[in-house]
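There are 2 protein chains.
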Amino acid sequence: MTDVRRSIATVCLSGTLEDKLAAAARAGFDGIEVFEPDLIASSWAPAEIARRCADLGLSVDLYQPFRDLDSTDPDRFARNLRRAERKFDVMEQLGVDTVLVCSSVSDDAVADADRLAEQLAGAAARAGERGLRLAYEALAWGRHVSTWEASWDAVRRADSPALGLCIDSFHVLSRGGDPAGFAQVPADKFFFLQLADAPRLQMDVLQWSRHHRLFPGQGAFDLATFLRCLLGAGYTGPLSLEVFNDVFRQSDPWRTAVDAMRSLVWLEEALGAVWPAAGTTAPPPAPDLSGHSFVELGVDGVSGPQVGSALAALGFAHTGQHRSKPVQLWEQGTAKVLLNASVTRPAGAGVAAVAALGLESEDPGRSAARAEAVLAPILPRTRGANEADLSAVEAPDGTQIFFTRTGPEGWPADFLATGAAPADGGVRGIDHVGLTQPFDAFDEAGLFYRAVLGLEPHAVAEVAAPYGLIRTRSVTDTSRRVRLALSVSALRRGGWTPGVPDPQYVALATDDIVGTVTRMRAAGAPLLPLPANYADDLEARFDLPQGLLAAVREHGLMYEEDGEGGGYLHAATSVLGDRVFFEVVQRLRGYDGYGSTDLPVRMAAHRRARTPAPAPVA
Amino acid sequence: MTDVRRSIATVCLSGTLEDKLAAAARAGFDGIEVFEPDLIASSWAPAEIARRCADLGLSVDLYQPFRDLDSTDPDRFARNLRRAERKFDVMEQLGVDTVLVCSSVSDDAVADADRLAEQLAGAAARAGERGLRLAYEALAWGRHVSTWEASWDAVRRADSPALGLCIDSFHVLSRGGDPAGFAQVPADKFFFLQLADAPRLQMDVLQWSRHHRLFPGQGAFDLATFLRCLLGAGYTGPLSLEVFNDVFRQSDPWRTAVDAMRSLVWLEEALGAVWPAAGTTAPPPAPDLSGHSFVELGVDGVSGPQVGSALAALGFAHTGQHRSKPVQLWEQGTAKVLLNASVTRPAGAGVAAVAALGLESEDPGRSAARAEAVLAPILPRTRGANEADLSAVEAPDGTQIFFTRTGPEGWPADFLATGAAPADGGVRGIDHVGLTQPFDAFDEAGLFYRAVLGLEPHAVAEVAAPYGLIRTRSVTDTSRRVRLALSVSALRRGGWTPGVPDPQYVALATDDIVGTVTRMRAAGAPLLPLPANYADDLEARFDLPQGLLAAVREHGLMYEEDGEGGGYLHAATSVLGDRVFFEVVQRLRGYDGYGSTDLPVRMAAHRRARTPAPAPVA
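Protein chains in written order, with our numbering: chain A, 1 to 618; chain B, 1001 to 1618.
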């Protein structure tokens, strides 16, 4: 295995060429593909771009794209060749030797295989005279050439040293193409590789490609197999990302570039045995995560007492006080909730938010080392005398993730016992934590949890909620000891955002929700009342025992089935402070979801609790 | 023609049921369809909802949807009937007699036509016993029933008085269905009509339906013909809107409801001879608009002098001063630009924005009456002694639209002559005005200009710009004397918005762009420099005369062709104040566009002019 270079097409990133080059370099890319419109809009001449790239340590690996080269109309083909020559001029100044030539989508595209090969060879000859080469790529929606096999047929027939293939994972995998066939192609005919992932969508392939591509590890394609096939066939060029994505196009390019680099590191690791290439170091494997060790809520002087009394009513005991910080430890079963009153946001605003998650790692040091190797932002820690050294990284939504090892030497030792013993109110532990993601960070988050923590992202689902569509996606360990439920507004929210637009929650596991919630209500827990209409609908849809239905009506329980025999009972509290609530959840018969069909009812109820509806008509 | 009632499905509007009912009532709807999830999430019992609706003057016209009624599994069918009976309970309390039954999408859906009819008849019999009825609708993606003809076949076979059809324009027209066939169906079998428009999209029909429906007049469907066929076949129920749209789902429901009502008024008018129904009054027809009489820019103490000196350099003369307001009139050719210094936004911020457009109407009074009839917000006017009475409405982006009649008695008489004569610097008049729309208002704007002003909205196009995708759409009169170029960010902008995120511009027409721009540059106009790379690309792509290419390079001209022989030469100025610039444009050989392919180059250049790029490498 030779050295492998990591590249990125400038079209992946938002901004002008200047922004893109700086971001790609800072994220550690070795090279770039110059997307032609970025060059055209730049005030830097091609030679100046080349100098800038050299200064930034970036090679220019590809110029792209050249469209609609071949033509059934000889005059037009002649004009196309003239146009190509002008682009060869640009390439020479830019110092790049390879141009991506897309299969034609034009009405005058050449259907005859030999004539097409002849035209490609003609163009390649002109390129070859100038020391340049053409990488021919089958667009999935090409007029006559739409599979990589068809592009290889054309390249084979043309038989020109300056003509080879550009293989784009999207164009191959979106059409269900088989990368195993790469082995039949001579290695030196693979001129370039473009990598993109994508979700499985039922839509026009061109629209799918132009709007919904993702970085490797964020979508549904098996890119590890794909890449293994291409490397196995002898490809030695850069691993280069080419992702058209509506969100990335308008997001901070510095951040997108890091996300992109993380996707390559993750993909290289997923290659397994054929990796690491010379000159790279594999990240340490992600240690097993065995559970949620704590959830830390940031609170202020207004919300702190409110959350504390809610915890007490939910059956938690205030068992510890941090040695050096204004942090309380509350416990029930194995659930540990920290209330950190050092929030510095506007005083008295009633801020309550998930500040940090503690995840129990079999090797916290290795978890931190891995996180760093896959480009997670590592957080500086102030550590008091006698305090555990907790490594923490920052998740895309700003939540701090601590890798803990609970025990005599571990983090709980930082807390001085209050003397109160953990109560048993029916809560067994933390089931999951629900985190609303910033609009731009949803796909980034799926890959972050996958690459940094070794968790598995599950399918994205969409829910029609009162104030707009919401996308949800869970990430879990394989044995479901760590579960995070991520959600995001399908469109970035605007001015009309009644209620609590981005709530977070901590879901507490119980094996007896009716008993647990009954105790909680008796203790004055701020459980969220749900409408009778909801219970009526449950009664119409499911064969629930009358006793359970009565409890649903009395306690505001929610119920969902998964269509595979599983069921989920859950109840929510009011929103505490500005954005946090608790859920109590009971999983039945192997249910593996998060009650997302109940999200609209819960959101409407949360809004009512904040903004009471008008009084009934007399 | 009997009285016709206008209804709206609650799913069209954002918010909780409470928000939706209030918004529908205020916009003047007669009735609603209750979308079941809205009822389920409401704290109002069905009878309470009925009372609320009665108080608001809304009838409940439909309960919807009931899904997956039929089943090949007898036990499941029995359970489905039981579920239906529970929903009939809700309907009785809600005071609604019709429920929408969708064709099944389930694996166990009944394929056999007679068995399906038998099951539908069985359910209808139960409904009929309670005085209720089922409106059966073919979902375009139904498992066995996916066309309205198939749904009619089932209803015909079932032959039950409590079973009829619900016709949904989306489901019919998305599949290319022919509404002419409605004439073959007995009138009393049309129980309900749901209206939705949509853009033509190449995508999975379910996704198209769930995310991209539009109100009538906003999309590509021929709803007038559709509705004429259904009314001709004897349908007498409500005209009811059912629109699933990602943007409307999260936009202010008060505003969406008005947009929805406008779409029905527009559609009814488009019916022509069969309209108006008894009890309705047709809006006065839109008077001919014969041109842009003026563009008014709101400026402040900082931007006013800057815009004034730019206008002077562009060849305008300051010809008039308003009698009572701090407004200057600048003229060149027929182009009139007003600078209104009464902007009250933060002093000294350099505000410069299009405040108003004057459109020359053959009958300003009738234009205003029509605007009011189609629910445009009418603006109050303060009118000085001896001043023209100008009627104005507010467009969705806040721009004021004045209907003018230029002449001795018209608006220019409000200005006292300065003595300066209009110069002739080569500008003939105003070609068009470019208005960036608020994210939520793009589809609303297309219908607004169509319904209020009688302009024609053209196809939506998408451009990949440096900071994200941009959608563009023009609205024009048929003879192109009034042109507006609307644009919007394809996703709502977030924190990463370098440059000027929402610029507006005034495009000035010339018949000799090279001469005109040469004079402007000599006079010191702030023309925007464009990169040499752009001119190099033009040279590669087009057969432009060398003289023109030299002018392109010297003056920063942009050039686009339309593929039909037409061409467009244009040049932009820097952004003046915070968001306005001018263009100078020359249309060649019947070109009818707005140079949108040049948008990325122009945007990047505008950003450079604001935030200079780093100095070249030495």
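By construction, the Cβ of each residue, glycine as well, lies at the ideal position given by its N, Cα and C atoms.
Small disclaimer: the values here were computed from a predicted structure and weren't measured.
Beta-carbon separation (whole angstroms), residue i vs residue j, contact threshold 8 angstroms
| i | j | result |
| --- | --- | --- |
| B:GLY1350 | B:GLY1577 | 5 angstroms |
| B:GLY1425 | B:MET1520 | 7 angstroms |
| A:THR147 | A:GLY177 | 6 angstroms |
| A:LEU390 | A:PHE402 | 5 angstroms |
| B:GLU1033 | B:SER1071 | The pair is not a contact, with the Cβ atoms about 25 angstroms apart (cut-off 8 angstroms). |
| B:LEU1100 | B:ALA1135 | 5 angstroms |
| B:VAL1482 | B:PHE1582 | No, B:VAL1482 and B:PHE1582 are not in contact; Cβ-Cβ is about 18 angstroms, not under 8 angstroms. |
| A:VAL475 | A:PRO457 | 5 angstroms |
| B:ARG1450 | B:TRP1266 | 7 angstroms |
Cβ-based burial, residue i [other Cβ within 10 Å; buried from 16]
| i | result |
| --- | --- |
| B:ALA1313 | buried |
| A:PRO466 | buried |
| B:GLN1250 | buried |
| A:LEU557 | buried |
| B:ASP1512 | exposed |
| A:GLU331 | buried |
| A:PRO326 | exposed |
| B:PRO1616 | At B:PRO1616, the pLDDT of 40 sits below 50, so the modelled position is not reliable; the number obtained from the coordinates is stated separately. Classification for B:PRO1616: exposed. |
| A:GLN194 | buried |
| B:GLY1031 | buried |
| B:ALA1604 | buried |
| B:ALA1353 | buried |
| A:MET1 | Model confidence at A:MET1 stands at a pLDDT of 45, short of 50, so the residue's coordinates are unreliable and nothing is read from them. |
| A:ALA618 | Here A:ALA618 scores only 37 on pLDDT, less than 50, and its place in the model should not be relied on; the value that follows carries that caveat. Exposed, because fewer than 16 other Cβ atoms sit within 10 Å of the Cβ of A:ALA618. |
| A:THR478 | exposed |
| B:ALA1356 | buried |
| A:GLY217 | buried |
| A:SER324 | exposed |
Contacts around residue i, its chain only, beta-carbon distance under 7 angstroms, and the 5 residues preceding and following it disregarded
| i | result |
| --- | --- |
| A:ALA369 | PRO284 |
| B:THR1418 | HIS1318, THR1319, GLY1320 and GLN1321 |
| B:ALA1158 | ALA1117, LEU1120, ALA1121 and ALA1124 |
| B:PHE1035 | ALA1009, THR1010, VAL1011 and GLN1064 |
| B:LEU1379 | ALA1392, VAL1393, GLU1394 and GLN1400 |
| B:ARG1587 | TYR1568 |
| A:LEU484 | HIS432, VAL433, LEU435, TYR449, SER474 and VAL475 |
Own chain partners of residue i with C-beta closer than 6 angstroms, once the 5 adjacent residues on each side are dropped
| i | result |
| --- | --- |
| B:THR1334 | GLY1429 |
| B:ASN1190 | It should be noted that the sequence gives Phe, not Asn, for residue 1190 of chain B. LEU1165 and TYR1235. |
| B:ARG1143 | SER1104, VAL1105 and ALA1109 |
**Prompt:** At what residue ranges does the segment 73-157 of chain A contain a whole run of the alpha helix (DSSP H), taking only runs of 4 or more?
**Reply:** 74-94 and 113-129
**Request:** Check distances from the C-beta atoms of the segment 40-73 of chain A to those of chain B and list, in chain order, the residues that come in under 8 angstroms.
**Result:** ILE40, ALA41, SER42, SER43, TRP44, ALA45, PRO46, GLU48, ARG51, ARG52 and ASP55
**Prompt:** If you measure beta-carbon to beta-carbon, which residues of the segment 141-153 of chain A are closer than 9 angstroms to chain B?
**Reply:** none
**Item:** Runs of beta strand (DSSP E) wholly within the segment 1483-1563 of chain B (minimum 3 residues, chain order)
**Value:** 1483-1489, 1504-1510 and 1558-1561
**Residues in the segment 465-477 of chain A having any Cβ partner in chain B nearer than 8 angstroms** = PRO466, TYR467, GLY468 and LEU469
**Request:** Only counting runs of 3 or more residues, tell me where the beta strand (DSSP E) segments fall wholly within the segment 1366-1444 of chain B, in order along the chain.
**Result:** 1391-1394, 1400-1404, 1415-1417 and 1427-1436
**Prompt:** Relative to chain B, which residues along the segment 4-30 of chain A have a C-beta separation below 7 angstroms, given in chain order?
**Reply:** Residues passing the 7 angstroms Cβ filter: SER14, GLY15, THR16 and GLU18.
**Request:** Please specify which runs of the beta strand (DSSP E), each continuous and at least 3 residues long, are wholly inside the segment 235-313 of chain A, giving them in chain order.
**Result:** You should have 239-241 and 289-299.
**Chain-ordered residues of the segment 111-132 of chain A with a beta carbon less than 7 angstroms from chain B** = none
**Short-range partners of chain A found in the segment 1540-1555 of chain B, where Cβ spacing is below 7 angstroms** = ALA1540 and ARG1541
**Message:** Taking beta-carbon pairs under 7 angstroms, can you tell me which members of the segment 417-444 of chain A lie near chain B?
**Reply:** PHE439 and ASP440
**Request:** Please list the residues of the segment 489-502 of chain A that have a C-beta atom closer than 9 angstroms to any C-beta atom in chain B, keeping them in chain order.
**Result:** SER489, ALA490, LEU491, ARG492, ARG493, GLY494, GLY495, TRP496, THR497, PRO498 and GLY499
**Request:** Could you please tell me which residues of the segment 74-98 of chain A, in chain order, have their CB closer than 9 angstroms to any CB of chain B?
**Result:** So the close ones are ARG79, ARG82, ARG83, ALA84, GLU85, ARG86, LYS87, ASP89 and VAL90.
**Request:** Can you give me, in chain order, the residues of the segment 1565-1597 of chain B that have a beta carbon less than 7 angstroms from any beta carbon in chain A?
**Result:** From the segment 1565-1597 of chain B, no residue has a Cβ closer than 7 angstroms to chain A.
**Prompt:** In the segment 1163-1244 of chain B, which residue ranges form an unbroken beta strand (DSSP E) of at least 3 residues, counting only runs that do not cross its ends?
**Reply:** 1163-1168, 1190-1195 and 1239-1241
**Message:** At a CB distance below 7 angstroms, what residues from the segment 1204-1219 of chain B approach chain A? Give them in sequence order.
**Reply:** ASP1204 and GLN1207
**Chain-ordered residues of the segment 1517-1531 of chain B with a beta carbon less than 9 angstroms from chain A** = PRO1529, LEU1530 and PRO1531
**Prompt:** Using Cβ-Cβ distances below 8 angstroms, what residues of the segment 1245-1256 of chain B are close to chain A?
**Reply:** ASP1246, VAL1247, ARG1249, GLN1250, SER1251, ASP1252 and PRO1253
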